[in-house]
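Visitor:
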Amino acid sequence: MREEMAQREAAELLRGHRKPRSPHGWGLLVALWLLAFYEPVVTEGHLRRKNLEFIFIRFSAWEFAGCDKLWAGLVTTLCHHIRQHFGALPLSVFHVLGSRPRFASGFSQREWILKKGTCLRLWGLLLVLAVGIAILLVALLVPGIKDHHALKVVGSAVASLSGSSLVLGALSILKNFVVSEKKKIERLTDSDRFAGQLGFMSKIRSEVEVLVDFLAFMEVFERRRLRVVLEITSLDLCYPEKVAGVFNAMATLLSDANAPFIFLLAVDPSVIVPCLEQTGCMKGLADNGYLYLNRAVTLPFSIPEMGSRSRLRSVEAAIQTREDLMYRIIAGNVAKTRCGGCGVAAPAAPGWKEADSEAVAWIHEAFRCLHDGSDVLSRYLPENGANVRRIVNTIPITLRLLLHRSGGVAAVPSPRAAAAWVVLADRWPCRLSWTLQCLEDAGQSLPTPNSSAKSLWSIFQEHVGELSALRQALGKVLSLDGDPELFQTFLARDFPFGAGEARELLGVTVNLDHSIRHQMGLLRALARL
Numbered sequence: 001m002r003e004e005m006a007q008r009e010a011a012e013l014l015r016g017h018r019k020p021r022s023p024h025g026w027g028l029l030v031a032l033w034l035l036a037f038y039e040p041v042v043t044e045g046h047l048r049r050k051n052l053e054f055i056f057i058r059f060s061a062w063e064f065a066g067c068d069k070l071w072a073g074l075v076t077t078l079c080h081h082i083r084q085h086f087g088a089l090p091l092s093v094f095h096v097l098g099s100r101p102r103f104a105s106g107f108s109q110r111e112w113i114l115k116k117g118t119c120l121r122l123w124g125l126l127l128v129l130a131v132g133i134a135i136l137l138v139a140l141l142v143p144g145i146k147d148h149h150a151l152k153v154v155g156s157a158v159a160s161l162s163g164s165s166l167v168l169g170a171l172s173i174l175k176n177f178v179v180s181e182k183k184k185i186e187r188l189t190d191s192d193r194f195a196g197q198l199g200f201m202s203k204i205r206s207e208v209e210v211l212v213d214f215l216a217f218m219e220v221f222e223r224r225r226l227r228v229v230l231e232i233t234s235l236d237l238c239y240p241e242k243v244a245g246v247f248n249a250m251a252t253l254l255s256d257a258n259a260p261f262i263f264l265l266a267v268d269p270s271v272i273v274p275c276l277e278q279t280g281c282m283k284g285l286a287d288n289g290y291l292y293l294n295r296a297v298t299l300p301f302s303i304p305e306m307g308s309r310s311r312l313r314s315v316e317a318a319i320q321t322r323e324d325l326m327y328r329i330i331a332g333n334v335a336k337t338r339c340g341g342c343g344v345a346a347p348a349a350p351g352w353k354e355a356d357s358e359a360v361a362w363i364h365e366a367f368r369c370l371h372d373g374s375d376v377l378s379r380y381l382p383e384n385g386a387n388v389r390r391i392v393n394t395i396p397i398t399l400r401l402l403l404h405r406s407g408g409v410a411a412v413p414s415p416r417a418a419a420a421w422v423v424l425a426d427r428w429p430c431r432l433s434w435t436l437q438c439l440e441d442a443g444q445s446l447p448t449p450n451s452s453a454k455s456l457w458s459i460f461q462e463h464v465g466e467l468s469a470l471r472q473a474l475g476k477v478l479s480l481d482g483d484p485e486l487f488q489t490f491l492a493r494d495f496p497f498g499a500g501e502a503r504e505l506l507g508v509t510v511n512l513d514h515s516i517r518h519q520m521g522l523l524r525a526l527a528r529l
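By full-length UniProt numbering, the letter at position 390 of the sequence shown is numbered 390, and the numbering carries on one by one without gaps.
1. Three or more beta-carbon pairs under 8 Å between the stretch 427-438 and the stretch 467-486, yes or no?
2. Give me, in chain order, the residues of the same chain whose beta-carbon lies closer than 8 Å to that of residue 160; leave out the 5 immediate sequence neighbours on both sides.
3. Could you check whether the stretch 41-59 touches the stretch 108-115, counting it as contact only if at least three pairs of C-beta atoms, one from each stretch, sit closer than 8 Å?
4. Assuming residue 381 contacts residue 388 (C-beta within less than 8 Å), just tell me the rounded distance between them.
5. In the DSSP assignment, find the alpha helix (DSSP H) that holds residue 395 and state where it starts and stops.
6. For residue 40 and residue 28, what's the separation of their Cα atoms in angstroms?
7. Output the boundary residues of the beta strand (DSSP E) element that contains residue 262.
8. Quick one: any contact between the stretch 238-248 and the stretch 199-213, if contact means 3 or more CB pairs under 8 Å?
9. Determine which residues share a DSSP beta bridge with residue 112 and list them.
10. By a C-beta neighbour count over all protein chains shown, 10 Å radius and 16 as the cutoff for buried, is residue 90 buried or exposed?
11. Pop quiz: residue 217 and residue 98 are said to be a contact at Cβ under 8 Å. What is the actual Cβ separation, rounded to whole angstroms?
12. Using alpha carbons as the reference points, say which of 84, 315, 276 and 443 lies closest to residue 306.
13. Can you give me the Cβ contacts of residue 506 inside the same chain, cut-off strictly under 7 Å, excluding the 5 residues immediately before and after it?
14. Kindly give me the distance between the Cβ atoms of residue 35 and residue 8, rounded to whole angstroms, as I take these residues to be in contact under 8 Å.
15. Rounding to the nearest angstrom, what Cα-Cα distance links residue 522 and residue 185 in this structure?
16. Taking the DSSP output, what are the residues bridged to residue 173?
17. Over what stretch of residues does the beta strand (DSSP E) that includes residue 247 continue unbroken?
18. Taking C-beta to C-beta, are residue 231 and residue 64 nearer than 8 Å?
19. Would you say residue 394 and residue 422 are within 8 Å of each other, going by their C-beta atoms?
20. With respect to the beta strand (DSSP E) encompassing residue 233, which residues constitute its N-terminal and C-terminal limits?
21. Is it true that the CB of residue 399 sits closer than 8 Å to the CB of residue 425?
22. Would you mind sorting residue 321 into buried or exposed? The rule is 16 or more other CB atoms within 10 Å of its CB.
23. Do residue 238 and residue 71 count as a contact pair if the criterion is CB distance below 8 Å?
24. Looking only at C-alpha atoms, which of 293, 258 and 454 sits nearest to residue 271?
25. Assuming contact is defined by CB atoms lying nearer than 8 Å, are residue 527 and residue 439 in contact in what I supplied?
26. Does the beta-carbon of residue 50 have 16 or more other beta-carbons within 10 angstroms, so that it is buried, or is it exposed?
27. In the DSSP assignment, find the unbroken beta strand (DSSP E) run with residue 53 in it and report its ends.
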């Protein structure tokens with residue numbers, strides 16, 4: 001969108017159109033002058049303008065999840081960012097003196113029309129003020145007239161009435177400058193009338209209409225189109241009634257056909273749809289959340305499947321956040337260099353420092369396998385960036401625990417195997433938990449001498465029928481798993497973990513919810529009664 005904005009701006013300048021202006025610096029004085037004494041006109045030339053500016057506003061619904069009305073947080077965020085973008089003074093003057101642009105009659109290219117009524121009222125007030133001050137000065141200073149109290153009263157009254165009108169206008173501007181739209185809405189939400197909604201929505205609507213009119217004014221002033229882009233995120237972390245409230249706020253803001261708002265709604269439909277269906281907004285839609293989304297969203301865009309290069313970029317971005325892995329090595333090298341330069345032998349590092357440097361080396365090797373496009377492990381990385389960061393954060397903990405438990409590097413599985421185990425636990429938590437539970441039950445009931453040589457895939461195949469019988473009780477847990485065909489390829493061909501390796505790695509597995517395995521053990525025991 002920023003590239004499109006820059007390209008359109010350059011194309012408009014090449015066509016010979018006037019350069020856009022900004023309400024900052026000298027442009028602020030011009031904007032205030034036009035706000036006070038001129039009325040904007042939408043001409044044919046303005047409608048033909050192709051250049052535009054996007055005003056990006058990010059709204060994280062999770063930050064306002066504790067509010068009584070989440071949609072009130074959306075409106076206050078909109079008001080705050082528009083005020084911050086254009087400045088408080090132009091918006092305050094617009095509240096008192098501004099007017100919404102009107103369409104030109106015919107093909108006139110005149111964009112500004114003098115407010116004759118405003119000018120006449122202003123000149124009239126100034127004239128009356130001057131007359132009142134003159135009468136008062138004459139009554140106070142001219143000899144022979146000083147004793148006429150009536151003349152003093154008339155002069156004072158005329159000057160006070162005309163001056164008070166000007167002062168009231170200045171105070172109105174000052175009030176809007178000090179009390180922002182965000183504070184006004186917050187006061188309304190804190191009032192007692194908020195619970196009854198007495199006139200509340202009409203006041204909110206009037207504040208939004210003022211913002212829309214102000215944006216229309218600034219379009220003519222800046223000589224380009226303006227679009228406010230609201231990025232709504234983290235909505236799937238809120239309560240169902242809050243989710244419905246945000247959709248209602250979007251409908252309110254978009255109810256005007258000329259509203260300059262664009263909503264980018266980043267949500268997971270599988271989470272949002274059940275939330276909508278639990279609220280009362282589905283009445284008349286057969287309680288179908290997908291139908292409601294289809295009517296609310298005008299341009300659906302589902303993120304396509306992530307390619308191999310995109311996955312590697314996601315891994316690289318997550319790895320770059322792990323600066324703690326490099327800090328201790330760099331600090332140790334600096335200490336060695338300083339000691340070498342002084343001619344003093346460095347003291348022997350304690351054993352924990354040596355173990356830590358070994359762990360860092362193993363962690364880097366595991367990350368190299370993840371980031372290597374030729375390694376088959378990179379093909380099993382999840383598409384979700386949050387899951388990738390979980391894997392990157394879990395691998396260092398897993399390897400450190402392995403080294404600590406074993407007491408030596410020789411008995412530890414390779415970094416690649418440990419990384420693969422972390423990926424397995426993240427992608428298929430239900431199927432892995434079922435396999436590990438079956439392995440544990442088999443070892444407790446009828447232990448066999450060659451049980452450690454069996455592969456996890458063979459154990460899963462033996463008990464997959466029992467898992468299928470329990471799929472209704474484990475439906476929500478099964479929904480956490482990824483592609484089952486990839487699970488088969490992972491364990492049967494690319495990473496054939498054995499029962500012995502699984503028992504060793506289970507003790508250091510921190511990214512697998514062990515309560516899933518306990519629930520499965522209880523279900524198996526109940527089924528065998």
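Cβ coordinates follow ideal geometry from the N, Cα and C atoms, glycine included. What you are looking at is a predicted structure, and each value in this text was computed from that prediction instead of being measured.
Guide: In short:
1. yes
2. Start at 1 with the first residue of the sequence shown, and residue 160 comes out as number 160. So the list reads 132, once near-sequence residues are dropped.
3. yes
4. Along the sequence shown, one-based indexing puts residue 381 at 381. Along the sequence shown, one-based indexing puts residue 388 at 388. Yes, residue 381 and residue 388 are in contact; Cβ-Cβ is about 6 Å, under 8 Å.
5. Here residue 395 refers to the residue found at position 395 when the sequence shown is read from its first residue. 385-406 is the span of the alpha helix (DSSP H), which, as asked, contains residue 395.
6. By 1-based counting over the sequence shown, the position of residue 40 is 40. By 1-based counting over the sequence shown, the position of residue 28 is 28. Cα-Cα distance, rounded: 16 Å.
7. Start at 1 with the first residue of the sequence shown, and residue 262 comes out as number 262. Boundaries of the beta strand (DSSP E) around residue 262: 261-265.
8. no
9. One-based indexing of the sequence shown puts residue 112 at position 112. In the DSSP output, where bridge partners are listed per residue, residue 112 has 40.
10. If you number the sequence shown from 1, residue 90 lands on position 90. Buried is the call here.
11. By 1-based counting over the sequence shown, the position of residue 217 is 217. By 1-based counting over the sequence shown, the position of residue 98 is 98. Their Cβ separation, rounded to whole angstroms, is 6 Å, which keeps residue 217 and residue 98 in contact under 8 Å.
12. As a first step, residue 306 is located in the sequence shown; it is residue number 306 there, counting from the start. Among 84, 315, 276 and 443, the Cα nearest to that of residue 306 is on 315.
13. Your numbering for residue 506 matches position 506 in the sequence shown. Closer than 7 Å at the Cβ level, and outside the excluded window around residue 506, lie 436.
14. In the sequence shown, the residue the question calls residue 35 occupies position 35. In the sequence shown, the residue the question calls residue 8 occupies position 8. With a Cβ gap of about 26 Å, residue 35 and residue 8 do not count as contacting.
15. Working through the sequence shown from its first residue, we reach residue 522 at position 522. Working through the sequence shown from its first residue, we reach residue 185 at position 185. Approximately 53 Å between the Cα atoms of the pair.
16. Along the sequence shown, read from residue 1 onward, the residue named residue 173 stands at position 173. Per DSSP, residue 173 has no beta-bridge partner at all.
17. Residue mapping note: residue 247 aligns to position 247 of the sequence shown, counting from 1. Not the beta strand (DSSP E): residue 247 falls in the alpha helix (DSSP H), residues 240-253.
18. For this step, residue 231 is matched to residue 231 along the sequence shown. For this step, residue 64 is matched to residue 64 along the sequence shown. Against a cut-off of 8 Å, the Cβ pair of residue 64 and residue 231 comes out as no contact.
19. Walking along the sequence shown from the start, residue 394 turns up at place 394. Walking along the sequence shown from the start, residue 422 turns up at place 422. For residue 394 and residue 422, yes; Cβs fall inside 8 Å.
20. Mapped onto the sequence shown, residue 233 falls at position 233. First-last of the beta strand (DSSP E) with residue 233: 225-233.
21. What you label residue 425 is simply residue 425 of the sequence shown in a count that begins at 1. What you label residue 399 is simply residue 399 of the sequence shown in a count that begins at 1. Result no, Cβ atoms of residue 425 and residue 399 do not sit closer than 8 Å.
22. The count along the sequence shown starts at 1 and reaches residue 321 at position 321. Exposed: under 16 other Cβ atoms inside 10 Å.
23. In the sequence shown, the residue the question calls residue 71 occupies position 71. In the sequence shown, the residue the question calls residue 238 occupies position 238. Contact flag unset, no.
24. Indexing the sequence shown from 1 puts residue 271 at position 271. The shortest Cα separation from residue 271 among 293, 258 and 454 belongs to 293.
25. The sequence position of residue 527 within the sequence shown is 527, counting from 1. The sequence position of residue 439 within the sequence shown is 439, counting from 1. No, these two residues do not count as a Cβ contact at 8 Å.
26. Here residue 50 refers to the residue found at position 50 of the sequence shown. Label assigned to residue 50: exposed.
27. Reading the sequence shown from its first residue, position 53 is the one you call residue 53. Residue 53 -> beta strand (DSSP E) spans 52-60.
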